[in-house]
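Novice: So in the numbering used here, the last spot in the sequence shown is 251, and the numbers never skip. By construction, the Cβ of each residue, glycine as well, lies at the ideal position given by its N, Cα and C atoms.
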Amino acid sequence: MSDLIWLSVAQMRRIEPYFPLSHGVPRVDDRRIVSGIIFVIRNGLRWRDAPREYGPHKTIYNRFVRWSRMGVFNRIFAALAGEAGEPDTIMIDATHLKAHRTAASLPKRGALPRHIGRTKGGLNSKLHAVCDGLGRPIILLLSEGQMSDHKGAAMLFGSLPQAKVLLGDKGYDSDWLRAALTERGIDACIPPLRHRKVQHAYDKQLYRQRHKIENVFARIKDWRRIATRYDRCAHTFMSAICIAATVCYWL
1 MSDLIWLSVA QMRRIEPYFP LSHGVPRVDD RRIVSGIIFV IRNGLRWRDA PREYGPHKTI
61 YNRFVRWSRM GVFNRIFAAL AGEAGEPDTI MIDATHLKAH RTAASLPKRG ALPRHIGRTK
121 GGLNSKLHAV CDGLGRPIIL LLSEGQMSDH KGAAMLFGSL PQAKVLLGDK GYDSDWLRAA
181 LTERGIDACI PPLRHRKVQH AYDKQLYRQR HKIENVFARI KDWRRIATRY DRCAHTFMSA
241 ICIAATVCYW L
């Protein structure tokens with residue numbers, strides 16, 4: 001098949017240090033398996049429909065699930081994104097990801113939270129993201145679909161880099177966020193809500209750059225198993241998001 005996806009040798013060298021060590025019998029070729037995982041997530045396939053060139057589909061699936069539980073793909077994304085250094089400008093936003101009925105079945109007692117909520121648009125999850133001035137994601141967070149932008153910003157705030165300015169839409173216009181940013185020496189480029197008695201000034205020219213984070217969501221949603229969530233477990237779905245962000249922006 002000419003449309004198969006294969007990671008290059010140079011790309012594998014960048015991510016291999018974050019793979020767990022194999023014990024006993026040597027592992028199946030990492031490049032082939034990781035490329036198969038990317039192909040399935042990118043095209044929205046069932047695992048059993050993975051092309052034969054990538055090997056047994058059970059091996060691909062088991063490797064993805066096992067490494068997702070270990071947080072391997074999350075660490076790869078965080079490490080590669082951290083290599084870019086501290087950005088001067090950061091942008092924050094969130095988007096909804098539709099949850100398929102296979103992902104929204106009733107969880108077992110004591111199971112980990114799946115981060116699936118119900119909104120007017122049905123069952124979905126919410127992806128909160130922070131990107132740098134070049135439109136590259138540096139922080140990702142998955143939550144229930146009904147979580148507000150304010151709560152998502154509060155959960156992300158401790159991980160924000162020491163930038164000069166933060167761009168956000170009106171959903172992030174709150175007194176506590178503005179005060180917290182000022183305390184850290186970060187200027188807030190956020191348009192104020194209409195009902196505010198005091199209308200905060202913001203740089204309208206700079207605010208035009210906020211479309212870059214919208215482009216991040218659009219590009220990640222091109223991966224079909226992310227635009228529609230089929231994974232029941234939040235850690236496997238978050239791993240798929242980290243893989244997409246890593247391949248699109250950091251490899």
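May I ask you to report which of helix, strand or coil DSSP gives aspartate 132?
Specialist: Correct three-state label for aspartate 132: strand.
Novice: Please confirm whether phenylalanine 237 and arginine 229 have their CB atoms less than 9 Å apart.
Specialist: It is a contact, given that the beta carbons lie within the stated cut-off.
Novice: Taking C-alpha atoms, which residue in Arg27, Leu21, His150, Val34 lies nearest to valine 9?
Specialist: The shortest Cα separation from valine 9 among Arg27, Leu21, His150, Val34 belongs to Val34.
Novice: Drop a sphere of 10 angstroms on the beta-carbon of serine 105, count the other beta-carbons inside from all chains shown, and report buried for 16 or more, exposed for fewer.
Specialist: Burial call: exposed.
Novice: Looking only at its own chain, which residues have a Cβ that is under 6 Å from the Cβ of aspartate 173, when we skip the five neighbours before and after it?
Specialist: Correct list, in chain order: Ile190, Pro192, Leu193.
Novice: Does the Cβ of proline 17 have 16 or more other Cβ atoms within 10 Å, making it buried, or fewer, making it exposed?
Specialist: It counts as exposed.
Novice: DSSP three-state label for leucine 177, please.
Specialist: Note: leucine 177 maps to helix in three-state DSSP.
Novice: Inspect the CB distances between the stretch 139 to 152 and the stretch 56 to 71 and report whether three or more fall short of 8 Å.
Specialist: No: the two stretches stay apart, fewer than three of their Cβ pairs being nearer than 8 Å.
Novice: Which whole-angstrom value describes the C-beta separation of phenylalanine 19 and threonine 95, a residue pair presumed to lie in contact below a C-beta threshold of 8 Å?
Specialist: About 30 Å separates the two Cβ atoms, so there is no contact after all.
Novice: Between which two residues does the beta strand (DSSP E) carrying arginine 196 extend?
Specialist: Element bounds for arginine 196: n/a, residue is neither H nor E.
Novice: Kindly indicate which residue of Ala129, Gln162, Lys164, Tyr207 has the alpha-carbon position closest to the one of lysine 151.
Specialist: Among Ala129, Gln162, Lys164, Tyr207, the Cα nearest to that of lysine 151 belongs to Ala129.
Novice: Give the DSSP-derived three-state secondary structure of glycine 122 in the structure shown.
Specialist: In the structure shown, glycine 122 sits in a strand (DSSP, three-state: E or B).
Novice: With C-beta atoms as the reference, is phenylalanine 73 less than 9 Å away from cysteine 248?
Specialist: Contact: no.
Novice: What separation, rounded to the nearest whole angstrom, lies between the Cα atoms of methionine 1 and alanine 188?
Specialist: For methionine 1, the pLDDT reaches just 46, beneath the cut-off of 50, and the residue's location in the model is therefore unreliable, leaving the point undetermined.
Novice: Touching or not, the stretch 83 to 91 and the stretch 158 to 167, by the rule of three or more beta carbon pairs under 8 Å?
Specialist: The stretch 83 to 91, when compared against the stretch 158 to 167, does touch it at the 8 Å Cβ threshold.
Novice: Report yes if the C-beta distance between aspartate 49 and valine 40 is below 9 Å; otherwise report no.
Specialist: Yes.
Novice: Please go through the same chain and pick out, in chain order, the residues whose beta-carbon is closer than 8 Å to the beta-carbon of histidine 23, but skip the five residues on each side of it.
Specialist: There are no such residues.
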